[in-house]
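The number in my numbering is simply the position in the sequence shown, starting from 1, with 110 added. Virtual Cβ for every residue (Gly too), placed ideally from N, Cα, C. Keep in mind it's a predicted model, so treat the numbers as computed, not measured. Written below as structure tokens is the structure these notes are about.
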Amino acid sequence: MATFNYTVDTKPMAEEIRSVSHHVNATTGAVVAMQTAVILAEEKAADHVCNNVNKGFYSLIRSQISQKMAKLQSDVDSHLMQLVQQKNALLSIKNRMQRDYNMIAGRYIKLFNGLNANLKQRVFELDKPTIDFAVKEVDKVSNRTKYLTATIPITQLESVSLSQKIVASNIKHRGLNVINSMRSFLFEMNTQKKLTDQILINDNRYTGTATIYIPVVICECNRDKTDSKNLEIIVSDVELDNFSKSAIQNTAYAEINKVEWSQKSVSNSEIKSEFSKLLSSSSKSQRVKDLAMQLFQSNNYQTI
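Following this line, the structure appears as structure tokens:
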């Protein structure tokens with residue numbers, strides 16, 4: 111069997127491997143450096159994107175807040191203008207109410223002062239007979255002792271009886287005058303009482319239940335363009351106090367929906383006559399009067 115001996119030199123291969131190892135190390139360093147650079151670039155890009163996003167979000171929120179602030183400021187200004195207008199309107203109403211109150215108060219003060227003076231004069235007239243009686247008779251009553259003092263002359267005894275008769279006659283005369291004065295006073299008081307009873311109201315007639323008819327005007331109208339109707343009840347002011355008028359109005363409001371109306375083709379002659387009188391006495395133009403009469407004649411009438 112043949113034997114072969116080979117000698118292999120590994121030095122070139124080792125050098126090549128060493129060269130390849132240097133290149134691999136260089137490549138590894140380049141890759142690591144590139145990876146580091148890429149990571150740094152990505153971090154910078156991410157920071158840039160985050161900063162831009164944050165800045166954009168902040169700008170967006172700030173813009174929205176500014177828009178809302180501007181809208182709210184505009185609403186506040188408009189409401190403030192409305193409040194100022196309402197304030198001026200309320201001040202105008204307040205001033206008008208104060209003027210009306212002062213005017214009405216002055217009117218009623220003048221009216222009550224006149225009533226006080228009139229009542230004072232009437233009381234004076236009622237007390238005048240008593241005052242006249244007191245003025246005329248007080249001196250006589252207070253000096254009755256002096257007037258009735260018997261004056262007896264001190265002379266002869268025969269004249270005493272005559273003096274007593276004179277004193278008795280004087281007393282009778284003065285008694286007759288007193289009786290006549292009392293009769294005249296009582297007669298005047300009776301006459302004054304009859305006159306007072308004719309003027310004043312006898313409350314005994316109104317102690318029972320009675321039925322009294324009072325005219326009431328019911329007005330229904332539209333004060334604006336809506337379909338809402340305003341109902342107004344007017345009661346006569348003659349010989350009625352506020353309590354009675356309020357009671358009548360409340361009863362009319364409660365019973366108005368229960369009233370059944372019937373159609374009437376011909377108007378009442380009295381109503382037509384009164385309406386014609388109102389038109390003739392009005393200061394409106396003839397065209398307005400003719401139109402009012404035309405509307406009055408074309409209207410439908412309803413009665414209860």
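Please report how far the alpha carbon of residue i lies from the alpha carbon of residue j, in whole angstroms.
i: Gln-145; j: Asn-135; result: 15 angstroms
i: Asn-367; j: Lys-382; result: 27 angstroms
i: Gln-396; j: Asp-185; result: 52 angstroms
i: Met-191; j: Ser-356; result: 40 angstroms
i: Tyr-411; j: Ser-372; result: 8 angstroms
i: Ile-324; j: Lys-230; result: 33 angstroms
i: Ala-227; j: Phe-234; result: 10 angstroms
i: Thr-113; j: Ser-129; result: 36 angstroms
i: Leu-221; j: Asn-212; result: 14 angstroms
i: Ile-322; j: Ile-358; result: 12 angstroms
i: Val-163; j: Ile-127; result: 52 angstroms
i: Arg-217; j: Arg-232; result: 22 angstroms
i: Val-148; j: Ile-171; result: 34 angstroms
i: Leu-225; j: Asn-287; result: 40 angstroms
i: Tyr-168; j: His-189; result: 31 angstroms
i: Leu-350; j: Asn-360; result: 15 angstroms
i: Glu-380; j: Ser-354; result: 28 angstroms
i: Val-345; j: Asn-352; result: 10 angstroms
Which residue wins for smallest C-alpha separation from residue i, given the options the options?
i: Val-327; options: Gln-196, Gln-231 and Ala-362; result: Ala-362
i: Lys-399; options: Cys-331, Leu-389, Gln-407 and Phe-406; result: Leu-389
i: Glu-384; options: Met-403, Glu-370 and Val-369; result: Met-403
i: Ser-338; options: Glu-330, Ile-149 and Arg-293; result: Glu-330
i: Asn-409; options: Asn-378, Asn-280 and Lys-387; result: Asn-378
i: Ala-364; options: Glu-380, Ile-343, Phe-353 and Asn-352; result: Ile-343
i: Arg-293; options: Ser-173, Gly-224, Ala-143 and Phe-243; result: Phe-243
i: Ile-414; options: Glu-380, Leu-350, Val-369 and Ser-386; result: Val-369
On the DSSP letters alone, give me the boundaries of the alpha helix (DSSP H) that residue i sits inside.
i: Val-398; result: 396-408
i: Asn-378; result: Looking at the DSSP string, Asn-378 is not in any alpha helix (DSSP H), and its letter there is neither H nor E.
i: Ser-392; result: No alpha helix (DSSP H) contains Ser-392, which DSSP labels as neither H nor E.
i: Glu-365; result: 352-365
Is the CB of residue i under 9 angstroms away from at least one CB in chain B?
i: Thr-306; result: Protein chains in the displayed structure number just one, and chain B is not present.
Assuming residue i is part of the beta strand (DSSP E), what are its boundary residues?
i: Leu-341; result: 340-345
i: Tyr-411; result: 411-413
List the DSSP bridge partners of residue i.
i: Glu-330; result: Leu-341
i: Ser-372; result: Thr-413
contact_flag[the segment 294-307, the segment 235-244] where n(CB pairs < 8 angstroms) is 3 or more: yes
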